[in-house]
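Have a look at the structure below, then the notes.
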Amino acid sequence: MKNKKLFGTLFAAVFTCTIAVAHADDGLKVTAEAAENEHGIALSMTVSEEVEEVNMVGNKIIRLVDADSIVPGDRLVYVTTVKNRSQQSAENVAIVNPVPEHTTYLEGSAQGDSATVTFSVDGAKNFDSEKNLTVTDENGDRRAATTTDYTHIRWVLNSLPAKAEADVLFRARLN
Amino acid sequence: MSDFKILRKLVGIPTTVLLLTMMAPNAMAVGTASNTSVTNFATVNYDVASVGQPAINSALVAFVVDTRVDLTVSTDDLAEVAVTPGSNDNVMTFTVTNTGNAPHDFSLSSLALVGGTGAFGGTDNINANDVQIFVETAASGSAGYQLTDVDTHINALAADASINVYIVSDFSTGYSDGDIASYYLNAEARIDNGGSTLGGALVETVGGDTEGSVDIVFADDAGINDAAGDATDSSQDDYQVVTATLTIGKTSSVISDPVNNTTDPKRIPGAVIEYEITVSNGVSGATATSVAITDSLNTEITEGDIAFQTTYNVTALQGISIRHPDSTIPADFYEYTNAGGAEAAGRGAVVADWNVTDTDNVVTVTGIVLDGGESATIRFRVTIQ
Chain B
4 MKNKKLFGTL FAAVFTCTIA VAHADDGLKV TAEAAENEHG IALSMTVSEE
54 VEEVNMVGNK IIRLVDADSI VPGDRLVYVT TVKNRSQQSA ENVAIVNPVP
104 EHTTYLEGSA QGDSATVTFS VDGAKNFDSE KNLTVTDENG DRRAATTTDY
154 THIRWVLNSL PAKAEADVLF RARLN
Chain P
450 MSDFKILRKL VGIPTTVLLL TMMAPNAMAV GTASNTSVTN FATVNYDVAS
500 VGQPAINSAL VAFVVDTRVD LTVSTDDLAE VAVTPGSNDN VMTFTVTNTG
550 NAPHDFSLSS LALVGGTGAF GGTDNINAND VQIFVETAAS GSAGYQLTDV
600 DTHINALAAD ASINVYIVSD FSTGYSDGDI ASYYLNAEAR IDNGGSTLGG
650 ALVETVGGDT EGSVDIVFAD DAGINDAAGD ATDSSQDDYQ VVTATLTIGK
700 TSSVISDPVN NTTDPKRIPG AVIEYEITVS NGVSGATATS VAITDSLNTE
750 ITEGDIAFQT TYNVTALQGI SIRHPDSTIP ADFYEYTNAG GAEAAGRGAV
800 VADWNVTDTD NVVTVTGIVL DGGESATIRF RVTIQ
């Protein structure tokens, strides 16, 4: 009985090991598929131009048009869509966008449902809320950061449920 | 993402945020250079079951910055350019600034107003002669119009760069004080053709975007002599004729006679008569130089002879004296002698030679300088013989 029990334990150990080895052998492939099918997060982005127009009854309206005729001073809207295509919830979903070169982030424009928005002034090393950010000026003095100092924007979603998607956006002006 | 979806998102943005966004300044001296590619991508990090997952990057989104054609033309003159009749090379100064985001050549043209309100409020009523346009030539090295400024169009003005442009013209004689000749200067952005010649006209891209090429957008505002969105801006400046308008007046009074002395004196032989001649320049008049006054008493004294009082004592109001704004005390009369060029002291910094003579019953005073609004008075006494 004692031996049988031991055998059983050994068998279980060998079996487990076999499974593990098998997993390791083609594990890369499985993992890659899991990214698409089980844990898959897809990220896509669009840029549009925001134009002000006057409608037929004389009211100013704001319209989004394709960003294919952009000159300095134009307003841009960048929308990032994050999709959780898996069956599992994703947590601490952090989306980071650089403020594009040649543009200036427009104050108060970063939006996202249930997202905590923070900014970086040091190339995405550190993020903090707008009021806490400081930079060192040319005299070596610390001063409050302005929108022109922002290098990156970060949106953090506590969770993105399975099969859910969320949009985050910000506006910038072409310098 | 469909546009519909984005719009839905936008509707959800608080009104205050939208207002702030809309109020952001739109005027930019210059912007990102034409043909610059602006790219961006997003990165996402996330956990699944508390296990960190590899970061994922989105595909790049990019656009190419199109050409924003914009410019300003303004006059540097703060008031009408004063011109005197018969003068040449009178210079109006303008500044043309390329406020677009690409270098351009600029075509220049002037237009004379025919009537209408001048840049500084007057009414245009005359035209100048030989009106020409010149562009500041960097090689000239000196501010202001130089004879070496020979370019008649602006060549390859970089984005955000400015250059002076001059309208230079002549005026013939015969114009009156206050006449106004008003001119527009138009500058039109042209293609920078890379050479020293003027490039061809820019054509604004109409309709949709032209993929793979840099579109052209005319962003200029309307100027005083052009429309918005025509790659042209304009400014206005005026010439105003300023010429001296001298007026002269003469009064005489009897000071004394040998019979009545100073009580009701009459113009009898031996009487002393004082003459005052006042010459004035108009308030807006140009400075009059070399003013000469010649007063012959022969028409007033038809018989007999007169003798100038030669004691030259200004305190006693005798002799020939002159009151002039350039004297040490402008309100005082200063005496002058007839000793050519060696007039009496007491005229402060005045160095003019007044050349007072009293020969042949003629008083001659020369070399007076009168600015606009100034007047000089010559006073002398004679004794009737």
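Note that the protein sequences, when read in sequence, are chains B and P.
Anchor point for the first sequence: position 161 equals 164 in my numbering, and the numbering is continuous, going up by one each time.
Anchor point for the second sequence: position 243 equals 692 in my numbering, and the numbering is continuous, going up by one each time.
Yeah, the Cβ is synthetic: ideal placement off N, Cα and C, and Gly gets one too.
Using three-state DSSP, classify residue i as helix, strand or coil.
i, result
"P/T646", "coil"
"B/E133", "helix"
"B/D179", "No answer is possible for residue 179 of chain B: the residues shown for chain B start at 4 and end at 178."
"P/K699", "strand"
"B/T49", "strand"
"P/D496", "strand"
"P/Y783", "strand"
"B/M59", "coil"
"P/Y594", "coil"
"B/N142", "coil"
"P/A638", "strand"
"B/T119", "strand"
"B/V171", "strand"
"P/I704", "strand"
"P/V655", "coil"
"P/T622", "coil"
"P/I616", "strand"
"P/E725", "strand"
"P/V691", "coil"
"P/I673", "coil"
"B/N161", "strand"
"P/N604", "strand"
"P/D686", "strand"
"P/A717", "Reading the sequence as shown, one finds Ile at residue 717 of chain P and not Ala. The answer is coil: DSSP assigns P/I717 none of H, G, I, E or B."
Please work out which residues of its chain come closer than 7 Å, Cβ to Cβ, to residue i, disregarding the five sequence neighbours upstream and downstream, and give them in chain order.
i, result
"B/A25", "Confidence is the limiting factor: at B/A25 the pLDDT is only 33, short of 50, which leaves the residue's position unreliable and the question unanswerable from this model."
"P/D820", "N730 and T736"
"P/D496", "Q502"
"B/H105", "L177 and N178"
"P/S683", "V522, Y633, L634, N635, G672, I673, N674 and D675"
"P/R639", "H553, D554, F555, S556, L647, G648, G649, A650 and L651"
Are the Cβ atoms of residue i and residue j separated by less than 9 Å?
i, j, result
"P/F543", "P/I603", "no"
"B/E56", "B/I64", "yes"
"P/V530", "P/N539", "yes"
"P/V493", "B/V96", "yes"
"P/L562", "P/Y615", "no"
"P/S733", "P/G567", "no"
"P/V510", "P/S483", "no"
"P/H553", "P/L527", "no"
"B/R176", "B/D71", "no"
"B/V74", "P/N550", "yes"
"B/M48", "B/N129", "no"
"B/Q90", "B/A169", "no"
"B/G126", "B/I98", "no"
"P/D600", "P/V584", "yes"
"P/T826", "P/E725", "yes"
"P/T548", "P/D609", "yes"
"B/L136", "B/T83", "no"
Throw me the rounded Cβ distance for the residue i and residue j pair, which I believe falls under 8 Å.
i, j, result
"B/S112", "B/R157", "Contact flag wrong, Cβ pair sits at about 14 Å."
"B/D150", "B/E110", "The sequence given here has Thr at residue 150 of chain B, not Asp. Between B/E110 and B/T150 the Cβ distance is about 5 Å, and since that is below 8 Å, they are a contact."
"P/S621", "P/N578", "6 Å"
"P/V545", "P/I629", "Contact flag wrong, Cβ pair sits at about 24 Å."
"B/L163", "B/N87", "5 Å"
"P/I742", "P/V814", "5 Å"
Looking only at its own chain, which residues have a Cβ that is under 6 Å from the Cβ of residue i, when we skip the five neighbours before and after it?
i, result
"P/S824", "T727 and S729"
"P/G480", "N550"
"P/A671", "A677"
"P/V818", "T738"
"P/G698", "T727"
For residue i, which residues of its own chain have a beta-carbon under 8 Å away from its beta-carbon, when the five flanking residues on both sides are left out?
i, result
"P/S625", "V690 and T692"
"P/S486", "A511, F512, V513 and V514"
"P/I665", "D515, T516, V518, L651, V652, E653 and T654"
"P/S499", "none"
"P/T488", "L509, V510 and A511"
"B/D140", "R146"
"P/T711", "I704 and S705"
"P/A788", "Low local confidence applies: a pLDDT of 48 at P/A788 is under 50, so the model's placement there is unreliable, with the coordinate-based value given in what follows. Hits under 8 Å: none found."
Tell me whether residue i, by its Cβ, gets closer than 8 Å to a heavy atom of the ligand PLP.
i, result
"P/G648", "In the structure shown, the ligand PLP is absent, as is every other ligand, since no ligand is present at all."
What residues of chain C sit near residue i, judged by a beta carbon separation below 9 Å?
i, result
"B/T106", "The chain labelled as chain C is not found among the protein chains of the depicted structure, namely B and P."
* Ordered list of alpha helix (DSSP H) runs contained in the segment 499-531 of chain P, each at least 4 residues -> none
* Within the segment 535-583 of chain P, note down every full alpha helix (DSSP H) run reaching 4 residues or more, in order along the chain. => none
* To do: Counting only runs of 3+ residues fully inside the segment 72-126 of chain B, write out the beta strand (DSSP E) ranges in chain order.
  => 78-87, 93-101, 106-108 and 118-123
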